[in-house]
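To start, the structure itself, in structure tokens.
Numbering (the working numbering), first residue to last: 100 to 192.
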């Protein structure tokens with residue numbers, strides 16, 4: 100069918116990530132697409148909506164929220180904020 104637009108799906112939130120994966124070992128291999136938007140991961144198969152996962156709400160660590168707030172207000176340079184976030188990630192917070 101080429102690259103023409105077949106359909107348009109409305110998402111409830113802005114997409115923040117997309118991944119292509121093969122859900123099974125069938126031949127021929129047909130990829131599925133996962134789209135993360137808001138608290139959901141939408142799975143599309145054969146260019147059609149297939150499944151919607153709802154992710155649980157997780158509280159943001161207060162230290163991480165503080166780094167993001169300082170970065171947003173300009174109180175913290177980007178490289179310093181990156182260093183703090185990487186350090187938190189590495190120690191598991």
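C-beta: ideal position from N, C-alpha, C; glycine also.
Please classify residue i: does DSSP put it in a helix, a strand, or coil?
i, result
"residue 155", "coil"
"residue 168", "helix"
"residue 142", "strand"
"residue 190", "helix"
"residue 114", "strand"
Select from the options the residue whose C-alpha is nearest the C-alpha of residue i.
i, options, result
"residue 197", "166, 139 and 168", "Within the shown structure, residues of the chain are numbered from 100 to 192, placing residue 197 beyond reach of any answer."
"residue 110", "188, 123, 133 and 189", "133"
"residue 104", "124, 131 and 146", "146"
"residue 191", "123, 144 and 163", "163"
"residue 116", "157, 170, 181 and 137", "137"
"residue 153", "179, 108 and 135", "135"
"residue 106", "126, 121 and 143", "143"
Would you decide whether residue i is buried or exposed? Buried here means 16 or more other CB atoms lie within 10 Å of its CB.
i, result
"residue 166", "buried"
"residue 141", "buried"
Could you tell me if the beta carbon of residue i falls within a distance shorter than 8 Å of some heavy atom in the ligand COA?
i, result
"residue 142", "No copy of the ligand COA appears in this structure; indeed no ligand is present at all."
List the DSSP bridge partners of residue i.
i, result
"residue 150", "142"
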